[in-house]
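What follows is a short report on a single structure.
Number of protein chains: 2
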Amino acid sequence: MKLSKKSDYALRAMIYLSLNYQKGALQIKEISAKERIPQKFLENILLTLRKAGILNSKMGLKGGYELARSPDLIILGDVIRALDGAIAPVNCVSQISYKPCAEEVNCVIRDVMMDIRNAITDVLDTMTFADMCKRAKESLEKKESNILTYSI
Amino acid sequence: MKLSKKSDYALRAMIYLSLNYQKGALQIKEISAKERIPQKFLENILLTLRKAGILNSKMGLKGGYELARSPDLIILGDVIRALDGAIAPVNCVSQISYKPCAEEVNCVIRDVMMDIRNAITDVLDTMTFADMCKRAKESLEKKESNILTYSI
DNA sequence: TAGAATCTCTACTAATTCTATATACTTTGT
DNA sequence: ACAAAGTATATAGAATTAGTAGAGATTCTA
Numbered sequence: 002m003k004l005s006k007k008s009d010y011a012l013r014a015m016i017y018l019s020l021n022y023q024k025g026a027l028q029i030k031e032i033s034a035k036e037r038i039p040q041k042f043l044e045n046i047l048l049t050l051r052k053a054g055i056l057n058s059k060m061g062l063k064g065g066y067e068l069a070r071s072p073d074l075i076i077l078g079d080v081i082r083a084l085d086g087a088i089a090p091v092n093c094v095s096q097i098s099y100k101p102c103a104e105e106v107n108c109v110i111r112d113v114m115m116d117i118r119n120a121i122t123d124v125l126d127t128m129t130f131a132d133m134c135k136r137a138k139e140s141l142e143k144k145e146s147n148i149l150t151y152s153i
Numbered sequence: 002m003k004l005s006k007k008s009d010y011a012l013r014a015m016i017y018l019s020l021n022y023q024k025g026a027l028q029i030k031e032i033s034a035k036e037r038i039p040q041k042f043l044e045n046i047l048l049t050l051r052k053a054g055i056l057n058s059k060m061g062l063k064g065g066y067e068l069a070r071s072p073d074l075i076i077l078g079d080v081i082r083a084l085d086g087a088i089a090p091v092n093c094v095s096q097i098s099y100k101p102c103a104e105e106v107n108c109v110i111r112d113v114m115m116d117i118r119n120a121i122t123d124v125l126d127t128m129t130f131a132d133m134c135k136r137a138k139e140s141l142e143k144k145e146s147n148i149l150t151y152s153i
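Listed in order, the protein sequences are those of chains Y and H.
The first sequence begins at 2 in our numbering and counts up by one.
The second sequence begins at 2 in our numbering and counts up by one.
Next up, the structure:
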């Protein structure tokens with residue numbers, strides 16, 4: 002039930018891009034440095050996100066990546082599906098890579114896995130990157146006020 | 002976010018053992034044949050479940066495995082944790098294999114992953130094998146009544 | 001218009017994890 | 001005694017994941 006490194010990096014990069022949405026295209030180099038993601042690996046990840054229609058890119062000098070639409074219109078589920086494929090714990094309950102299971106008709110495990118899939122997508126498909134930005138800023142403020150408190 | 006084959010087999014074996022709880026110890030051979038699980042693989046799985054205190058075993062001739070306690074006292078989460086370890090999508094939100102993440106203090110991904118972990122464990126840690134048996138029987142009845150309907 | 005900076009594409013390698021099997025050992029019933 | 005069961009550990013093979021390499025295409029700017 003693990004989140005892949007790829008998706009983890011992708012989420013971080015997406016949050017970074019969302020926080021800087023107004024600044025236009027950012028370069029891979031910058032994102033990779035700030036988020037400490039191996040650059041070559043990140044290149045592949047961002048390319049995948051572009052092909053999925055989540056990012057736009059500009060080639061050449063002064064090129065870079067930016068969100069294809071505003072952060073409140075991109076959900077976490079889109080990103081994870083683009084990179085890792087199905088979110089469902091088993092294919093027999095997957096929307097995007099459905100394959101019937103051996104037991105087919107009366108498989109009780111299927112029911113439970115369906116519940117789990119729905120619980121996960123409830124989170125990932127309602128949470129937008131705008132929400133993530135909001136949380137990030139709140140958490141940063143909280144941190145700063147703590148520092149202030151401690152330094153008194 | 003995938004359920005491993007190991008856990009899948011384990012759940013099936015556990016359901017089989019739960020459905021036959023009153024019959025005493027069952028042999029690996031029987032479970033493996035009925036659930037179509039490679040026997041040697043199943044041996045390892047059941048051994049792990051025994052070490053986790055979920056199953057009891059009897060060695061020697063007429064030996065076998067049985068539930069260590071009644072099916073309504075065993076939750077799915079126990080079984081999956083015994084075989085696959087942490088259920089959490091990332092270690093920084095795991096109960097059993099917690100490791101702080103790099104970003105530590107204000108990591109927003111952590112919050113989301115915590116939500117997901119909780120959503121998953123809500124399902125896995127409330128569902129018992131008694132529940133699974135009930136569902137299995139219901140689904141079987143439904144199937145039989147369908148067969149009846151179709152044969153009319 | 002040359003050239004540097006940037007994204008694109010494909011292939012490849014290395015590391016890890018998952019799935020399954022092998023083999024020798026221990027215990028128990030008859 | 002011996003056959004039938006579980007125990008224990010190691011290992012092999014396959015699949016997936018993580019990361020790297022390198023040549024190519026595009027664009028800005030001097």
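Here a beta-carbon is modelled for each residue, glycine too, at the ideal position from N, C-alpha and C.
Remember, it's a predicted structure, so these values are computed and weren't measured experimentally.
Taking only beta-carbon atoms, is residue i less than 8 Å away from chain Y?
i	result
Leu47 of chain H	no
Pro90 of chain H	yes
Met2 of chain H	yes
Ile153 of chain H	Because the pLDDT at Ile153 of chain H is just 48, under 50, the model does not fix this residue reliably, and the point stays unresolved.
Ala120 of chain H	yes
Ala137 of chain H	yes
Ser140 of chain H	yes
Met114 of chain H	yes
Leu84 of chain H	no
Met60 of chain H	no
Leu68 of chain H	no
Leu20 of chain H	no
Leu12 of chain H	yes
Glu50 of chain H	As written in the sequence, residue 50 of chain H is Leu, which differs from the Glu given in the question. Taking Cβ atoms only, chain Y never reaches closer than 8 Å to Leu50 of chain H, which makes this a no.
Leu77 of chain H	yes
What residue range does the beta strand (DSSP E) around residue i cover?
i	result
Leu1 of chain Y	With chain Y covering only 2 through 153, there is no way to say anything about residue 1 of chain Y.
Within 10 Å of its beta-carbon, does residue i have 16 or more other beta-carbons around it, so buried, or fewer, so exposed?
i	result
Leu47 of chain Y	buried
Met60 of chain Y	exposed
Ile153 of chain Y	Low per-residue confidence applies at Ile153 of chain Y: pLDDT is 47, beneath 50, and the placement is therefore not dependable enough to give any value.
Leu62 of chain Y	exposed
Pro101 of chain H	exposed
Leu125 of chain H	buried
Leu4 of chain H	buried
Pro39 of chain Y	exposed
Lys144 of chain H	exposed
Phe130 of chain Y	buried
Ser146 of chain H	exposed
Ala103 of chain H	exposed
Verify the CB distance criterion: does residue i have a CB-CB separation below 8 Å to chain H?
i	result
Ile110 of chain Y	yes
Met1 of chain Y	Residue numbering for chain Y in the displayed model covers 2 to 153; residue 1 of chain Y lies beyond these limits and cannot be assessed.
Leu27 of chain Y	no
Ile117 of chain Y	yes
Asp73 of chain Y	no
Val124 of chain Y	yes
Leu43 of chain Y	no
Taking the alpha helix (DSSP H) that residue i belongs to, which residues open and close that run?
i	result
Leu74 of chain Y	Element bounds for Leu74 of chain Y: n/a, residue is neither H nor E.
Ser8 of chain H	6-20
Lys35 of chain H	29-36
Among all the DSSP beta bridges, which residues are the ones paired with residue i?
i	result
Leu56 of chain Y	Y:Leu68
Thr129 of chain H	H:Ile76
Do residue i and the ligand ATP come close, with the Cβ less than 7 Å from some heavy atom?
i	result
Tyr10 of chain Y	Among the ligands in the structure shown, none appear at all, so the ligand ATP cannot be discussed.
Q) Would you call the segment 88-98 of chain Y and the segment 58-70 of chain Y touching, i.e. three or more CB-CB distances under 8 Å? A) no
Q: For the segment 113-123 of chain H and the segment 78-90 of chain H, state whether three or more C-beta atom pairs, one from each stretch, are separated by less than 8 Å.
A: yes
Q | Inter-stretch contact (C-beta, 8 Å, three-pair minimum) for the segment 8-23 of chain H and the segment 124-139 of chain H | A | yes
Q. With contact counted as at least three CB pairs below 8 Å, one residue from each stretch, are the segment 47-56 of chain Y and the segment 72-84 of chain Y in contact?
A. yes
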